[in-house]
Structure formats: structure tokens, C-alpha cells
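For reference, the structure discussed in these notes is given below.
Protein chains: 2
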Amino acid sequence: MAMQLYELAGSDPNRRFSPYCWRVRMALAHKGLTAEAVPWRFTEKDKIAFSGQGLVPVLVDGGKSVFDSAAIADYLEATYPDRPSLFGGPAGRAEQSFIANWTVAVVHAGIARLIVADLLEILDAKDRDYFRKSREARFGMTLEEFQRGREERVVGFRESLAPLRLTLEKQAYLGGAAPNYADYTVFGAFMWARGVSPFKLLADGDPVAAWRGRLLDAFDGIAAKATGFPV
Amino acid sequence: MAMQLYELAGSDPNRRFSPYCWRVRMALAHKGLTAEAVPWRFTEKDKIAFSGQGLVPVLVDGGKSVFDSAAIADYLEATYPDRPSLFGGPAGRAEQSFIANWTVAVVHAGIARLIVADLLEILDAKDRDYFRKSREARFGMTLEEFQRGREERVVGFRESLAPLRLTLEKQAYLGGAAPNYADYTVFGAFMWARGVSPFKLLADGDPVAAWRGRLLDAFDGIAAKATGFPV
């Protein structure tokens, strides 16, 4: 039975913009696995109630369902050990945790303030109230206030990527000569932005932009083919 | 023939405060190797001229000399492959590069502004003019100006460690259940601070402080036994 992956989608079901779903989508491709995409919206909690919680990604593989991107990556690595490794062993897995925490604390936090009001525009109509209310409660301000000043703020965001940039000046991928789950973890953040906003995150000539381009084209361009804004 | 490691020292030759030398010192211990310590001061360029450059660490192993902490770690991993691995394979090595770049861009940069004027006090007398002049030229201000406001700035420094803290809340070391070179890379920064300044970097109860404590005690406490301020 083919796998299924529940992925956050916009009003266009081919617009996938969850950074965590992109981690899994790339991890599946890395392992040469395919999963039927099931577009899901924020307010469709009932559709994934079978997983015992209310967030995507949810992977269904045979009779088993797994949620949470890190748990899914671990599941794929354990279940399909003969396919290319996502982590390259225990040390790669452990260090990837640091990179994942950096991604959330620095990259996601930075990108949120550059694109979050734009995100509203691409949402399915039924998700808009939910998204605005839940995020404005979290941020303590309106989405528009949260995003205000992004033309100036993007400078600091680009600076905050220094550890990534310095690394990519010396090696093609975080995983080395070829990408691994560490790359997909960070790349997911850029796919989130690409899916929801025309705002230009990276300067031309930035090694981070070149790396993003390589990952957009990887695996027959599964990322490049997804609905999104030009980067 | 025993190995020798040229290490930056203060007026007290047992006060070692180069973060890069500490990476190597811990890497040697990790591999169960010993190296005779050769205390070295900034102005003793002639003493390491044989290495073809003017910075420590320099490792001498038999007739061979290797400089630059990353090159030394790679040398140790390649030359002593039967001893415990520093990287845990190519993915661990590649991802460690990211952690090293984060260490320099975030941890070193943050710590510098918290301790650099104190550093002057522990230097060998002959190094003080060199250090003040070279660093003030680099910073574009006096050491005292560079360090000013540290009581307020330490709050932001602690926040900048979020990716490290989040990781150490879930696993004992960056390398997983046991430390590897990724840990020594970040730990070196804290050994730099410990060697030169009584300023309190970390709040009590911070998982980062607990991790630092475990590494201070590792390998029979080679780090804890070095001259330094209480942390």
C-alpha cells in the first residue's frame, strides 16, 4: 500500500508551505520513497484525528501513522535502513538536532517576521480567521505589525545566516558533498517562505541562495515544481 | 617520540586560554593520546616558525607538524583511526563544520565582548602591548570600550545560546550520548572565558552550564585542572 503524507496546503492544493512537511517530503525523496500527498488545512483537525493529535506532517505507512517531522525521519531511517541514510550514523543524527534547533530559533523566527502577513493571502478561506487569531495571540500584535519594517529587518536576517553561509562557502551541503536531513531541515524554512511570499529573502550571489537552488532542483525538482513565488 | 602541543598561555604557564587549543587538547584526550604541552605566548612567533605560520595550536607528531585546530583534528582522525572517532563518520564531520561556524560567529563573538579587557590582566607582560594594539585595531575601539555594558549584554549572549540549550535539554552532548569534536568545539569557547575572566557567563540551572561541567570533569578533569576562574 502506498504511503500517504498529510501536508499543509493553501487554497491552491499544490501550494505546500509547512517547513516541517518539506523536511519529510525531501526525506522521502532522499530514500527513494513516494507518498501520496494529502492536502490538509489548519482547520481540518478531524481529518488527522486518527493520528492522536492535530498537526501535520502525518505519515501513514501501511497500518501505521507517525506524526512530528523528527519522529517521521527517525521512523524512515529505522524502517528503510537499506536506502540512503538521512543522518549518516548516530553522530550525524545527534548533531542534526543542533542544526534543527538553530533552524527554529534563528531561521524560522527570522523568516516569520518577513512573511507572516503575506501568508494570510495564500490560505484557504476557511483557515484565515483561525490563522490570524491564533498567531496574533501568540505574537501579541497584529500580523501586519509583526511584519512591519521587513525591508530593514531583512539585513539582520541575512547576517543571522552567517554560520550557514560560512559552511556553504566550504562544502556543497551541510551533510557534506551530498545533502542529508540537516540540509532538508534548514531548506524547509526557505520552502515555507517561497510558498507564501514574494519577499526576497536572500541577496543575489549569496552561497545560501545557490545551495537553496541546488535543493530546489534535487530529486527531479520536486521542490521547484511546487507552487510558490520566484526566489 | 611523544607528541608536543604548542598552546597559548598566560603569565602562569598553566593558564591556557585559546579556544582552539582547547579543541585540540580535548580531541587528544578523546583519542587517548597525550602530548607534551609547550606554553607559548603571542609574541613568540619564532618558536613556531618551523610550522610555516604564526598561530597556535601547532601539533608536532614525530617529524610532522600540523597547525590549525580543524586540520589537527582531521590529522588525528586519519592517523589514529582505531581510536575513538572524533566525528563519527563523514556526516558528523560535515555537520560539525556548521557547529564550528556557529561557535565562531555567535559564541566567540558574544564572549569577546564580555571578557576581552579582563584578558589583558592574565597575559604574560611581554604580550600585553601586542594584544592591546592588535585587538584595538581590529575592534576599532579600546578593549575597555569593547567590553563596556557587559552586565546588560550578557542577557542577549545567553539568549543567543538557545540552539545549544534546546539541544542539551534533550541529549547529554552535541555528539549524542557521549561527547565528540562538536562538543569540544563549543566547549573551547567556555574554556577561553574561564581562563581569563571571573565574569559569570551562564545562569545557574542553565543546561549549558551543566554540560560545561560534565566536560570540565571529562578525561580525569584535564579542563577542570587547568588554571582558571571559578565558573
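Chains as they are written, first to last, in the working numbering: chain S, 123 to 353; chain Z, 123 to 353.
Virtual Cβ for every residue (Gly too), placed ideally from N, Cα, C.
Spell out the partners DSSP gives residue i in its beta bridges.
{"i": "glycine 298/S", "result": "Tyr295/S"}
{"i": "phenylalanine 189/Z", "result": "Val180/Z"}
{"i": "proline 161/S", "result": "Glu129/S"}
{"i": "arginine 138/S", "result": "Ala131/S"}
Quick one: is residue i near chain Z, going by C-beta distance under 8 Å?
{"i": "leucine 245/S", "result": "no"}
{"i": "phenylalanine 209/S", "result": "yes"}
{"i": "threonine 307/S", "result": "no"}
{"i": "alanine 200/S", "result": "no"}
{"i": "glycine 297/S", "result": "yes"}
{"i": "leucine 288/S", "result": "yes"}
{"i": "proline 285/S", "result": "yes"}
Can you check which of these residues, the options, is closest to residue i by C-alpha distance?
{"i": "leucine 337/S", "options": "Tyr128/S, Ala300/S, Ser133/S", "result": "Ala300/S"}
{"i": "alanine 239/S", "options": "Val229/S, Val228/S, Asp251/S", "result": "Asp251/S"}
{"i": "arginine 287/Z", "options": "Glu129/Z, Val330/Z, Leu242/Z, Arg215/Z", "result": "Val330/Z"}
{"i": "valine 229/S", "options": "Glu291/Z, Gln218/Z, Ala234/Z, Ala284/Z", "result": "Ala284/Z"}
{"i": "isoleucine 233/S", "options": "Pro135/S, Ser140/S, Ala157/S", "result": "Ser140/S"}
{"i": "alanine 195/S", "options": "Phe279/S, Pro320/S, Lys186/S, Tyr303/S", "result": "Tyr303/S"}
{"i": "lysine 186/S", "options": "Glu273/S, Met125/S, Phe268/S, Leu242/S", "result": "Met125/S"}
{"i": "alanine 345/S", "options": "Thr264/S, Ala151/S, Leu245/S, Ser256/S", "result": "Ala151/S"}
{"i": "leucine 322/Z", "options": "Ala222/Z, Tyr202/Z, Arg145/Z, Phe279/Z", "result": "Residue 322/Z is actually lysine in this sequence, not leucine. Checked all of Ala222/Z, Tyr202/Z, Arg145/Z, Phe279/Z; the closest Cα to lysine 322/Z is Phe279/Z."}
{"i": "valine 160/S", "options": "Gly210/S, Pro179/S, Ala325/S", "result": "Pro179/S"}
{"i": "aspartate 134/Z", "options": "Pro206/Z, Glu243/Z, Val188/Z", "result": "Glu243/Z"}
{"i": "arginine 137/S", "options": "Arg270/S, Ser319/S, Phe341/S", "result": "Ser319/S"}
{"i": "alanine 174/S", "options": "Arg147/S, Ala315/S, Phe189/S", "result": "The residue you asked about is not alanine; residue 174/S is glycine in the sequence shown. Nearest of Arg147/S, Ala315/S, Phe189/S to glycine 174/S, Cα basis: Phe189/S."}
{"i": "tryptophan 224/S", "options": "Ala311/S, Trp162/S, Thr264/S, Phe268/S", "result": "Ala311/S"}
{"i": "arginine 254/Z", "options": "Thr165/Z, Ala157/Z, Trp144/Z", "result": "Thr165/Z"}
{"i": "alanine 131/Z", "options": "Asp249/Z, Tyr306/Z, Glu267/Z", "result": "Asp249/Z"}
{"i": "glutamate 158/Z", "options": "Ala149/Z, Tyr142/Z, Phe172/Z, Glu129/Z", "result": "Glu129/Z"}
{"i": "phenylalanine 358/Z", "options": "Ala231/Z, Arg147/Z, Ser282/Z, Thr349/Z", "result": "Residue 358/Z lies beyond the range of chain Z shown here (123 to 353); nothing can be said about it."}
{"i": "glycine 214/Z", "options": "Leu296/S, Met263/S, Gly350/S, Leu324/S", "result": "Leu296/S"}
{"i": "methionine 148/S", "options": "Lys347/S, Val353/S, Pro352/S", "result": "Lys347/S"}
{"i": "leucine 245/Z", "options": "Tyr202/Z, Phe209/Z, Gly317/Z", "result": "Gly317/Z"}
{"i": "valine 182/S", "options": "Leu127/S, Arg257/S, Phe351/S", "result": "Leu127/S"}
{"i": "glutamate 273/Z", "options": "Glu258/Z, Leu324/Z, Phe309/Z, Arg257/Z", "result": "Leu324/Z"}
{"i": "tyrosine 202/Z", "options": "Leu155/Z, Asp328/Z, Thr349/Z, Gly211/Z", "result": "Leu155/Z"}
{"i": "phenylalanine 268/S", "options": "Trp144/S, Leu236/S, Gly343/S, Arg334/S", "result": "Leu236/S"}
{"i": "tyrosine 197/S", "options": "Asp168/S, Ile221/S, Gly176/S, Val146/S", "result": "Val146/S"}
Establish whether the CB of residue i and some CB of chain S are separated by less than 8 Å.
{"i": "isoleucine 233/Z", "result": "no"}
{"i": "proline 212/Z", "result": "yes"}
{"i": "alanine 216/Z", "result": "yes"}
{"i": "tryptophan 100/Z", "result": "Summary: the structure shown does not reach residue 100/Z, with chain Z confined to residues 123 through 353, and so no result is reported for it."}
{"i": "alanine 304/Z", "result": "yes"}
{"i": "leucine 324/Z", "result": "no"}
{"i": "asparagine 223/Z", "result": "yes"}
Using a cut-off of 7 Å between C-beta atoms, extract the partners of residue i located in chain S.
{"i": "lysine 292/Z", "result": "Ser219"}
Residue i versus chain S: which residues are under 9 Å apart at the beta carbon?
{"i": "glycine 262/Z", "result": "What glycine 262/Z touches in chain S: nothing, since even the nearest Cβ is about 18 Å away."}
Can you pull the chain S neighbours of residue i, defined as C-beta to C-beta under 8 Å?
{"i": "alanine 227/Z", "result": "Ala284, Pro285, Leu288"}
In the stretch 221-302 of chain S, which residue ranges form an unbroken alpha helix (DSSP H) of at least 4 residues, counting only runs that do not cross its ends? 231-244, 250-261, 265-269, 272-282, 284-290, all fully within the stretch 221-302 of chain S.
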